[in-house]
Amino acid sequence: MTDFFEASQWRERIRQRKTSIELPAGFPEDDDLRETYCLARALDEDLVRYFQQVDLSIDSRQIQRGIRDICDSFESEVLQGLQQEKAEFRQNLKLTQSKFKNIFEFAGLENLYLSNNYTRFISENLGHKIEDIAALSPYVFIPESRLGITLKGIDCIIFGEGQLYYTQIKTKKDTLTGSQVSRSINELKIHPYSMFVAALDMGSSLSLSRKKADKNGIKVLIGEEFWSEIGICYSEVLNEFSSSLKYIEERLYLK
């Protein structure tokens, strides 16, 4: 890869180009979306060129090692964070308190009090690690980590069928609430090609229905559909996360 794609030089080209990008007629009166549109269109030309120079072959063994390394980090970060929450709870029990967050804290019930904190913390970290695993694919580009550029509502850009798909990744199908669905549609439909991903084929139903997505020109991929699109084995991702979560549970509930 040439110096053409060195991060600081690339950012400077994008900064210069975006000032000449014109917004389509009727574009939403949203400053963040307007900034994102201009940045994305300034990025498009170079990004196509980038993917044309990247080796797009899939090295399954290298990806396997990468998934395991990411899951090792997942275990370490989660356990460190949750052990700290447990220590704080136990320390608070020793103090005289007049206000409590809930009845579980009042009763001194450690497992019940911490269970909600545990699942929330783990789920948030899991979402970040899903993005890290996706980034192992040569078909995936994350502008924030590669260029320090934040695009509203966009987690990564996927190169597929010769097109750049500006992509939003959620952990599972029913992650979004009703109001969040409209926001996601608005964030995605400003791009020529966009994608909504539920990385795990889990949850009651798809928050953003395929019908509504099609109407707004948004491609939807769920579970296996997504991972196969970027050349990563879905079952391997599931099995590695499952193994990590079992290990985390064992460590958390040691007596």
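With my numbering, the residue at position 180 of the sequence shown is 667, and numbering never jumps. For glycine and all other residues, C-beta sits at the position ideal for the given N, C-alpha and C.
Burial state of residue i, where buried means 16 or more other Cβ atoms lie within 10 Å
| i | result |
| --- | --- |
| Lys659 | buried |
| Ile590 | exposed |
| Lys698 | exposed |
| Ser675 | The sequence shown places Leu at residue 675, not Ser. With 16 or more Cβ atoms within 10 Å of its Cβ, Leu675 is classed as buried. |
| Phe713 | buried |
| Thr506 | exposed |
| Ser624 | buried |
| Lys616 | buried |
| Asp642 | buried |
| Leu526 | buried |
| Ser666 | exposed |
| Glu727 | buried |
| Ala700 | buried |
Same chain only: Cβ atoms within 8 Å of residue i, ignoring 5 sequence neighbours per side
| i | result |
| --- | --- |
| Arg633 | Ala494 |
| Leu566 | Ile735, Arg738, Leu739 |
Residue j beta carbon less than 7 Å from that of residue i
| i | j | result |
| --- | --- | --- |
| Ile620 | Ile554 | yes |
| Ala685 | Lys657 | yes |
| Ile644 | Phe628 | yes |
| Leu651 | Val668 | no |
| Glu564 | Asn603 | no |
| Gly595 | Leu582 | no |
| Leu530 | Ile557 | no |
| Ile672 | Leu520 | no |
| Ile705 | Phe683 | yes |
Per DSSP, the bridge partner or partners of residue i
| i | result |
| --- | --- |
| Val707 | Phe683 |
| Gly647 | Gln650 |
| Phe628 | Ile644 |
| Ile501 | DSSP output for Ile501 lists no bridge partner at all. |
| Gln539 | Gln539 pairs with nothing; no bridge assigned. |
| Gln655 | Phe683 |
Distance between residue j and residue i (C-alpha atoms, nearest Å)
| i | j | result |
| --- | --- | --- |
| Ser547 | Ile719 | 8 Å |
| Gln584 | Arg528 | 55 Å |
| Tyr600 | Thr662 | 23 Å |
| Ser729 | Glu737 | 12 Å |
| Glu509 | Tyr605 | 46 Å |
| Tyr653 | Glu575 | 41 Å |
| Glu618 | Ser681 | 17 Å |
| Gln503 | Thr523 | 14 Å |
| Lys573 | Gly635 | 34 Å |
| Glu597 | Lys733 | 20 Å |
| Lys588 | Gly614 | 27 Å |
| Val707 | Asp490 | 35 Å |
| Gln496 | Asp533 | 12 Å |
| Asp631 | Glu499 | A quick correction: the sequence has Glu, not Asp, at residue 631. Computed Cα separation, rounded: 15 Å. |
| Gln571 | Ser731 | 19 Å |
| Gln655 | Gly568 | 26 Å |
| Val541 | Ser692 | 36 Å |
| Phe514 | Pro679 | 13 Å |
| Ser715 | Asp518 | 35 Å |
| Glu516 | Lys702 | 21 Å |
| Val724 | Pro511 | 40 Å |
| Gly690 | Thr664 | 13 Å |
Proximal residues to residue i (C-beta, below 6 Å), its chain only, five neighbours per side dropped
| i | result |
| --- | --- |
| Tyr537 | Phe492 |
| Phe646 | Phe538, Tyr626 |
| Asp688 | Ile709, Gly710 |
| Glu592 | Tyr600 |
Own chain, CB closer than 7 Å to residue i, minus 5 neighbours either side, in chain order
| i | result |
| --- | --- |
| Val535 | Leu651 |
| Ser560 | none |
Check: residue i C-beta below 6 Å from any heavy atom of the ligand NAP
| i | result |
| --- | --- |
| Ser563 | Of ligands this structure carries none, so the ligand NAP is not represented either. |
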